[in-house]
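Protein chains in written order, with UniProt numbering: chain A, 1 to 188; chain B, 1 to 188; chain C, 1 to 188; chain D, 1 to 188.
Quick reminder that beta carbons are idealized off the backbone N, C-alpha and C, glycines included.
Have a look at the structure below, then the notes.
Protein chains: 4
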Amino acid sequence: MSEKRARIIATALKLFCEKGFQNTSTATISKEAGVATGTLFLYFKSKDELINALYREAKNELAGFFQQDFPTEPSVENKLYHFWQKAISWALENPYQFRFFNMYSHSPFISSLTKEESASAFQFTLDFVEEAIEAGSLAPIDSGLFIALFSGQLNATVGFLTQNPQLTNRKAVTDQTFALFWKGISKS
Amino acid sequence: MSEKRARIIATALKLFCEKGFQNTSTATISKEAGVATGTLFLYFKSKDELINALYREAKNELAGFFQQDFPTEPSVENKLYHFWQKAISWALENPYQFRFFNMYSHSPFISSLTKEESASAFQFTLDFVEEAIEAGSLAPIDSGLFIALFSGQLNATVGFLTQNPQLTNRKAVTDQTFALFWKGISKS
Amino acid sequence: MSEKRARIIATALKLFCEKGFQNTSTATISKEAGVATGTLFLYFKSKDELINALYREAKNELAGFFQQDFPTEPSVENKLYHFWQKAISWALENPYQFRFFNMYSHSPFISSLTKEESASAFQFTLDFVEEAIEAGSLAPIDSGLFIALFSGQLNATVGFLTQNPQLTNRKAVTDQTFALFWKGISKS
Amino acid sequence: MSEKRARIIATALKLFCEKGFQNTSTATISKEAGVATGTLFLYFKSKDELINALYREAKNELAGFFQQDFPTEPSVENKLYHFWQKAISWALENPYQFRFFNMYSHSPFISSLTKEESASAFQFTLDFVEEAIEAGSLAPIDSGLFIALFSGQLNATVGFLTQNPQLTNRKAVTDQTFALFWKGISKS
DNA sequence: CATGAATGAGCATTCATTCAT
DNA sequence: CATGAATGAATGCTCATTCAT
């Protein structure tokens with residue numbers, strides 16, 4: 001929408017990641033975004049609403065990205081690999097958003113309402129997992145636990161790549177960790 | 001050491017988990033710990049030093065707990081399972097500490113000095129992994145990545161158990177997720 | 001004049017009485033009056049000028065009302081009773097204006113210039129009192145003090161009626177308090 | 001109690017009268033009282049609590065002053081005159097308190113709880129009036145209305161004296177206005 | 001060692017006012 | 001005439017830290 005609003009969102013994302021939510025004053029955000037202090041409150045009723053809007057918008061962007069090029073017919077492994085590779089490339093291309101989720105997904109600043117709303121955008125992943133388990137393609141564990149394990153593996157991989165930026169064989173690493181995960185989780 | 005110091009540490013741990021670091025005032029900690037506001041600063045030079053001390057001490061306790069009953073001769077799988085089970089039971093018995101690590105391990109409040117110091121207490125786990133890889137018992141991946149994957153699986157499992165407290169077959173769940181992990185990571 | 005100006009005046013009167021001058025933002029007045037925020041400043045240079053205009057216009061209306069049906073020949077008592085009854089009925093019919101005067105007559109928001117200008121519209125009441133004293137119909141006190149006593153009795157009466165809206169014998173009450181006042185103040 | 005608290009109360013009283021409640025910042029009060037900005041909030045939880053405390057304490061002082069030297073046996077006229085003279089001298093000796101009551105008695109800043117609490121300290125005046133009416137010494141009007149009329153006459157008199165500080169016959173003026181009031185209100 | 005009154009820099013938020021459209 | 005997005009100074013309040021006792 002408004003260009004000023006977009007600049008506020010982008011600046012807040014950067015600063016919340018680098019210095020933390022509470023350590024970042026609204027005055028700093030405004031200044032760095034090049035708007036007046038009052039302007040922030042024109043677009044966001046409060047600092048809390050700002051971080052919630054940030055979360056919501058990032059989550060929706062990610063959900064949209066996940067669904068791009070979703071393979072319709074291939075095997076469960078290929079579908080899962082699609083998610084894996086989408087998630088990895090999104091995280092590497094949007095490092096601030098990735099850190100933001102790691103830092104604030106479980107923080108008290110994100111209201112449960114926001115979490116619920118955002119969760120619905122990812123319902124399709126839960127559905128996918130449940131269908132695959134029922135079809136006998138995956139080990140029979142709770143779908144929520146599955147998502148948690150998948151995210152854990154993902155975080156570990158991305159974290160490793162981020163902390164070792166000199167590595168050149170990124171695709172090899174991500175394929176390897178996916179292979180480990182798949183080896184563990186697949187029914188066979 | 002001093003009993004007052006211990007009460008301050010315990011109260012801070014609880015409050016930092018429940019309300020967050022920045023949302024918890026030193027006055028609140030002091031009052032809840034039953035000491036005067038000045039007393040906190042007698043034992044900790046600043047609020048920052050307090051949270052760093054908290055981190056250091058919890059990390060050291062955990063390292064000590066890890067080494068208890070460490071099996072000296074058995075197989076790599078048994079040794080790894082020892083860590084797994086120690087970590088799970090510690091997390092379930094010390095929920096505040098577990099949440100504390102999740103919340104603050106990557107926060108800017110914990111100085112890199114503190115992190116380095118604490119990492120050394122866990123050097124033996126890195127050593128163990130590297131030996132096992134060299135011995136051909138584990139898939140040949142970076143030892144740091146291995147630890148990250150292990151921790152990710154661990155967090156996912158504990159998180160799942162914590163969010164589903166009605167479950168009675170806790171051991172079954174932890175054994176299952178360990179089995180998945182081992183199936184993926186082991187060389188065979 | 002302009003219908004928008006009139007709506008702003010009316011809305012401001014209501015809100016200043018109900019929530020106070022400083023507690024009412026110009027944005028709120030504009031919104032409730034159905035005009036844009038800038039429009040208010042088209043008709044009134046500042047918020048201060050708005051409240052001063054409000055005061056001036058209300059005062060002039062009241063002065064005009066006082067002079068309606070002014071008895072030309074009757075006795076001093078009848079003339080005074082005319083003012084009494086006009087004032088009472090105006091106050092009961094224009095409760096917002098009445099409260100407004102009570103709240104802001106001595107406030108620092110109304111400039112002394114405004115007060116002076118408005119006072120001139122009531123010069124005729126002072127003249128009336130002074131003539132009556134000279135003619136020996138009233139106790140020989142300062143005319144300003146007389147007006148103050150009259151207003152005090154008036155406020156007390158209206159306040160009592162307003163706080164006891166269930167009373168049905170309003171005319172009896174106002175006649176009685178006027179009688180008390182007259183008994184005290186008349187020369188006899 | 002605390003000397004700092006007393007200085008804050010005194011400064012706030014002065015500034016609220018001279019510049020109004022909302023026009024006086026807590027920073028200004030603190031500076032003028034010679035304390036730090038935080039100190040004000042040490043003694044008063046909020047600016048609102050400050051003005052309520054001010055009201056309560058002034059009201060209680062006044063009530064105490066009223067009861068000093070209360071004549072036990074004399075006539076109703078003498079008792080009423082006692083209140084009159086006490087009130088006048090209190091108002092002239094405590095001009096800030098007097099203005100404060102005029103400005104804030106009906107303001108929304110004083111909570112109804114505060115008003116109720118303070119009203120109880122003046123219950124004895126209502127009792128006195130009711131007894132006197134029953135005994136047939138005063139005109140049979142509502143006791144609340146009586147108090148309102150008495151206060152109105154009082155305010156008018158004090159206002160007149162304050163606006164005409166050059167007058168030397170203050171006692172004559174107050175005796176005269178009391179006489180007018182008594183002439184009107186007494187049963188005879 | 002221990003206390004808690006006092007400090008004052010820092011922050012989120014409001015709002016009268018302007019001005020480009 | 002009318003609009004409303006944008007401004008930024010001003011304000012009530014918090015809280016880590018100090019220090020006299």
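Neighbour-count burial assignment, residue i, 16 or more Cβ in a 10 Å radius
{"i": "residue 45 (chain A)", "result": "exposed"}
{"i": "residue 124 (chain D)", "result": "exposed"}
{"i": "residue 97 (chain B)", "result": "buried"}
{"i": "residue 153 (chain D)", "result": "buried"}
{"i": "residue 19 (chain A)", "result": "exposed"}
{"i": "residue 38 (chain D)", "result": "exposed"}
{"i": "residue 50 (chain C)", "result": "buried"}
{"i": "residue 64 (chain D)", "result": "exposed"}
{"i": "residue 179 (chain B)", "result": "exposed"}
{"i": "residue 91 (chain C)", "result": "buried"}
{"i": "residue 40 (chain A)", "result": "buried"}
{"i": "residue 105 (chain A)", "result": "exposed"}
{"i": "residue 177 (chain D)", "result": "buried"}
{"i": "residue 113 (chain A)", "result": "exposed"}
{"i": "residue 167 (chain A)", "result": "exposed"}
Identity of the residue in the options nearest residue i by Cα
{"i": "residue 159 (chain C)", "options": "C:171, C:99 and C:134", "result": "C:99"}
{"i": "residue 134 (chain A)", "options": "A:38, A:63, A:68 and A:76", "result": "A:76"}
{"i": "residue 132 (chain D)", "options": "D:68, D:66 and D:187", "result": "D:187"}
{"i": "residue 74 (chain D)", "options": "D:169, D:137 and D:141", "result": "D:137"}
{"i": "residue 56 (chain C)", "options": "C:145, C:165, C:31 and C:109", "result": "C:109"}
{"i": "residue 70 (chain C)", "options": "C:79, C:16 and C:178", "result": "C:79"}
{"i": "residue 88 (chain C)", "options": "C:175, C:184, C:182 and C:185", "result": "C:175"}
{"i": "residue 155 (chain D)", "options": "D:85, D:127 and D:167", "result": "D:85"}
{"i": "residue 117 (chain D)", "options": "D:14, D:53 and D:146", "result": "D:53"}
{"i": "residue 25 (chain D)", "options": "D:48, D:4 and D:3", "result": "D:48"}
{"i": "residue 13 (chain D)", "options": "D:62, D:94, D:66 and D:170", "result": "D:94"}
{"i": "residue 126 (chain D)", "options": "D:144, D:61, D:113 and D:30", "result": "D:144"}
{"i": "residue 4 (chain C)", "options": "C:36, C:17, C:16 and C:23", "result": "C:36"}
{"i": "residue 101 (chain C)", "options": "C:164, C:171, C:72 and C:151", "result": "C:151"}
{"i": "residue 31 (chain D)", "options": "D:8, D:22 and D:17", "result": "D:8"}
{"i": "residue 83 (chain B)", "options": "B:115, B:111, B:129 and B:119", "result": "B:129"}
{"i": "residue 142 (chain D)", "options": "C:139, C:173 and C:141", "result": "C:173"}
{"i": "residue 16 (chain D)", "options": "D:103, D:140 and D:119", "result": "D:103"}
In DSSP terms, what residue i is bridged to
{"i": "residue 186 (chain A)", "result": "A:138"}
Short Cβ contact (9 Å threshold) for residue i with residue j
{"i": "residue 11 (chain A)", "j": "residue 27 (chain A)", "result": "no"}
{"i": "residue 149 (chain A)", "j": "residue 162 (chain B)", "result": "no"}
{"i": "residue 121 (chain C)", "j": "residue 59 (chain C)", "result": "yes"}
{"i": "residue 146 (chain D)", "j": "residue 184 (chain C)", "result": "no"}
{"i": "residue 43 (chain A)", "j": "residue 107 (chain A)", "result": "no"}
{"i": "residue 22 (chain C)", "j": "residue 23 (chain D)", "result": "yes"}
Residues that residue i contacts on chain D, provided the C-beta gap is smaller than 8 Å
{"i": "residue 102 (chain C)", "result": "106"}
Residue i: contacting residues in chain B (beta-carbon distance under 8 Å)
{"i": "residue 160 (chain A)", "result": "142, 144, 145 and 148"}
Neighbour list for residue i in chain A, Cβ cutoff strictly below 8 Å
{"i": "residue 12 (chain B)", "result": "Neighbours of residue 12 (chain B) on chain A: none; closest Cβ ~16 Å, over 8 Å."}
{"i": "residue 156 (chain B)", "result": "145, 148, 149, 151 and 152"}
{"i": "residue 183 (chain B)", "result": "183 and 184"}
9 Å Cβ cut-off: residues of chain D touching residue i
{"i": "residue 15 (chain C)", "result": "Residues of chain D passing the Cβ test: none, with the nearest at roughly 12 Å."}
Neighbouring residues, chain B, relative to residue i (Cβ below 7 Å)
{"i": "residue 187 (chain A)", "result": "The contacting residues do not exist; residue 187 (chain A) stays about 11 Å from chain B at best."}
{"i": "residue 139 (chain A)", "result": "180"}
Closer than 8 Å: residue i CB and nearest the ligand NAP heavy atom
{"i": "residue 34 (chain D)", "result": "You won't find the ligand NAP in this model; it holds no ligand whatsoever."}
Partners in chain A for residue i, counting only beta-carbon separations shorter than 7 Å
{"i": "residue 176 (chain B)", "result": "141"}
Under 7 Å from the C-beta of residue i: neighbouring residues of chain D
{"i": "residue 22 (chain C)", "result": "22"}
Contact set between residue i and chain B, taken where Cβ atoms lie within less than 9 Å
{"i": "residue 19 (chain A)", "result": "108"}
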